[in-house]
Every structure is written in structure tokens, then in C-alpha cells.
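Adding 1 to a residue's 1-based position in the sequence shown gives its number in the working numbering.
All C-beta atoms, glycine included, are put in the ideal place defined by N, C-alpha and C.
On a predicted model such as this, the values are computed, not experimentally measured, just so you know.
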Amino acid sequence: MLQDLPPPDVHLSDIPYDTDAGIGARANIGLLVLQTDQTIEDEFRHILPDGVALYHSRLKSPTEIEPAKLRLMEQEIPGATELLPSIPFAAVGFGCTSGALVIGEPQVAARVHEVLPGTRVTDPVTAAVAALKALKAERVALLTPYLPEITASLRDQFQARGLNIPVTGTFNQPDDYVVAVITPEAIKAAILELGRSDQVDAVFVSCTSMRVARIVAEIETELGKPITSSNHALAWHMLRQAGISDAMPQHGRLFETV
């Protein structure tokens, strides 16, 4: 039987304290993450410098990457954007490459602005175009996990945005849960195979489930060409939108650009 414990000898109240700007002293950024994504938060935390706080929410998303199912995510965006009340966000990112293309980048931003008007918004498509421009990449190899028809559509839409994509490759895997466990070694081998083509001067890896951010600098050293990916480019673009322009060469050539 438990005995009654004696009361503590000391009761402290109104202890003095100091406050600071919190973990987002430099910037708070918000990330809308697919329900099926296992990768993007890890890659962002690997990249973001001290003083930049990451807040994320999950939005309902399909397991299979198909246009009709991707379009349904649009209605989930406003609810997912309700991240933290009374916290100013320097940038909000929509974490789906194919979804941004299907829904449309301006429409994604418009749905975010229903909740956070005036906040800078980006997505992996917008970020990739900006990143490859910053890298001065003129001919880009595109690596995806998608079905061939989705990869071809992605290539066409990127080319419509001014990119030249003469080389593509795909793992031909529509299941997002499988994509998330494709090994970095397999991704590296595919990047090197596509990137060694004389027709390209950079490689872009599409899909936020692909694990690329931790191996970018290593591959660039071996290949001699710049590499970026959906998460890698998105993190860079959101930092630049937030006014954070630190040079971080450990994350590859992109993070040495403004």
C-alpha cells in the first residue's frame, strides 16, 4: 500500500526567465507534405541551417501517382496550410512535384493564400526551374520514379517552361511507398548513367520521395556536373525566399548560388 508522501519543502512560483526569438530566429518555413511521403522532412532537416524552423503538416494524397488522383489533392491544400496560428511564415512549400504540375503552380499558391495571404509560396516545379537557372544549366537529364507516360508528360511540361531535356530515365515505379525505399546507391548509379551523356550539363531528380539530398555533393564530385532534386531544389528556393542566402557547399553547387 502506498504511503502518503510528505509535501516538498520548497515551493517556487514566478521564477524569473528570459525569452529569445525561438528556433525560428532567422525564419519560419512551412511545408505541406504528402500523406505517403517518407523522405522530405528528413532531407529538409539535413539541409536547413540553424535558426530556420521547419513546421509541416500532412495532406491526404494518393499512393499511386496518377493525374486524376493527384488533382484531388487541391482541395486538401487550405486545411493543410493551417500550420501554426500567430506565427509568421517566410515561405510555404507544397511538397509534390507531379501534383504541382497537375494542379498548376499558380493554383497551388492561390489555395495556400486562402489561409496565409501574402506568404511566399513555392513547389518543386517552380523551385527546380529557378534552381537550374541559377546553376546556368542549359541541357538537363531528368530522372524519375514514375511510369513512362508520366515521365514523358513531366519532360514536356518542363520543356514548356524553358528547360531543354534531351535525356530521361525512370525506375517505372508508381507506388510512392516503394519509391521511398529505392536505395541512394541505386539513385546514384542512375544519376551517373544519365549524367555522363554528352547531351546534358546537369541532372534533375524528380519526386519528393527520392532520397537524393544527402548524396548530391558526392555525386557532383564524381560526375563533374551539378545535381539537384525535388527536395533539394525546394529547400534551396524556400531559403532564398526567406532571405537566407548562406553558402553551404556541403549540400552541392546549388547552395553556393544566390
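By the Cβ-count criterion, residue 44 is buried, with 16 or more other Cβ atoms from all chains shown falling within 10 Å of its own Cβ. Taking 3 residues as the minimum length, the beta strand (DSSP E) runs contained wholly in the region 116 to 182 are 121 to 123, 140 to 145, 165 to 171, in order along the chain. Bridge pairing for residue 56: 31 [DSSP]. In this structure, DSSP gives residue 88 a state outside helix and strand, which the three-state scheme calls coil.
Put simply, the region 140 to 149 touches the region 196 to 211. At least three CB pairs are less than 8 Å apart. With fewer than three CB-CB distances shorter than 8 Å, the region 128 to 140 does not count as touching the region 73 to 89. Residue 81 sits close to residue 59, with the two beta carbons spaced by under 8 Å.
Taken through DSSP and simplified to helix, strand or coil, residue 253 comes out as coil. Spanning the alpha carbons of residue 198 and residue 88 requires a straight line of approximately 47 Å.
A contact is defined here as three or more CB-CB pairs under 8 Å, and the region 20 to 28 meets this definition with respect to the region 50 to 59. By the criterion of at least three beta-carbon pairs nearer than 8 Å, the region 183 to 200 is in contact with the region 151 to 171.
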